[in-house]
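Contents: one structure, followed by commentary.
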Amino acid sequence: MVESNPQNWRAVDAFLSDTLVGHDPALEATLQSQQEAHLSPIEVAPVSGKLLSLLVRISGARRVLEIGTLAGYSTTWLARAVGEGGRVLTVEAEPDNAALARRNLDAAGVGERVEIRVGRAAEVLPALDGTEPFDLVFIDADKESNTIYLDWAARLGRAGTVIVLDNIGREGEIVNDDSTESNVIGTRDALRMLGEDSRFDATALQTVGLKGWDGVALAVVV
Ligand code: DHB
Ligand code: MG
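Just so we're aligned, residue 10 is where the sequence shown starts under our numbering, counting upward by one.
Take a look at the structure:
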């Protein structure tokens, strides 16, 4: 019997990545650069990057908004998936991360499809109001602002826009009513918003694997 424990979750994740995602020099170079820059390894797992790309392709999204670029790992997945003529606008608060992501996206051969806006998303997003709606929005930034980002995702989207919200499990902390951690409170608030706000129809899945015990919420703008 294989026990359910973090080490075995990682082993299963490695098997799934090897079997379904495979070796990817551009993505691996991005992760290497992220590590060399001493950034936390908080990018999505390979299987989740592939999920993002499949969601883009299944929904036919051509205009994607990403909130939280880091070194451009998920951005690369999204940019590949939108195809030629597709566009990704990604928002990153840290100028050094944005510069690193720019190098990584160019090296991956998808730089021309990606615009990076540097600044806090809560300040950058209002400037996008009135532009062509986004088809898919991936929210993966500071969890404290999740409800602000969901609100903007709805405003900048249209009926049918897909929303993906990362990190909804937080090692189970989302059921800890006494948590005083702002990222947990922000995540719980976002999940309640997805349940209560009539602009969204949503679900969420827990995940285990390379990134521990966490999860992802999926929504459509009604
Ligand atoms: C954290 C943020 C993330 O986006 C993630 O995927 C994992 C962890 C964090 O801030 O702790
Ligand atoms: Mg994340």
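Cβ coordinates follow ideal geometry from the N, Cα and C atoms, glycine included.
Please report the residue range of the beta strand (DSSP E) in which residue i lies.
i           : result
residue 99  : 96-101
residue 172 : 171-175
residue 29  : Note, residue 29: premise wrong, no beta strand (DSSP E); not H, not E.
residue 141 : Neither: residue 141 is in no beta strand (DSSP E) and is coded neither H nor E.
residue 210 : 209-218
residue 223 : 221-230
Tell me which same chain residues have a C-beta within less than 7 Å of the C-beta of residue i, skipping the five on either side of it?
i           : result
residue 232 : It is not possible to answer for residue 232, since the shown part of the chain is limited to 10 through 231.
residue 137 : 165
residue 157 : 131
Output the boundary residues of the alpha helix (DSSP H) element that contains residue i.
i           : result
residue 125 : Element bounds for residue 125: not the alpha helix (DSSP H) but the beta strand (DSSP E), 123-127.
residue 204 : 191-205
residue 80  : Unbroken run through residue 80: none, as it is neither H nor E.
residue 130 : 130-133
Mapping the DSSP letters down to three states, classify residue i as helix, strand or coil.
i           : result
residue 120 : helix
residue 105 : helix
residue 75  : strand
residue 183 : helix
residue 58  : helix
residue 148 : strand
residue 167 : coil
residue 250 : Residue 250 is absent from the model: the chain starts at 10 and stops at 231.
residue 154 : helix
residue 11  : coil
Just to confirm my understanding: we take residue i, look at its own chain, exclude 5 residues before and 5 after, and list those with CB closer than 8 Å. What are they?
i           : result
residue 191 : 152 and 153
residue 135 : 161
Leaving aside the five residues before and after residue i along the sequence, list all residues of the same chain whose C-beta is less than 6 Å from its C-beta, in chain order.
i           : result
residue 53  : 83
residue 146 : 74, 162 and 172
With 16 as the cutoff for other CB atoms within 10 Å, does residue i come out buried or exposed?
i           : result
residue 148 : buried
residue 43  : buried
residue 144 : buried
residue 231 : exposed
residue 62  : buried
residue 167 : exposed
residue 202 : buried
residue 228 : buried
* Asked: Of all residues in the structure, which have a C-beta closer than 5 Å to any heavy atom of the ligand MG, taken in chain order?
  -> Near the ligand MG, meaning a Cβ closer than 5 Å to any of its heavy atoms, lie the following residues in chain order: 149, 175 and 176.
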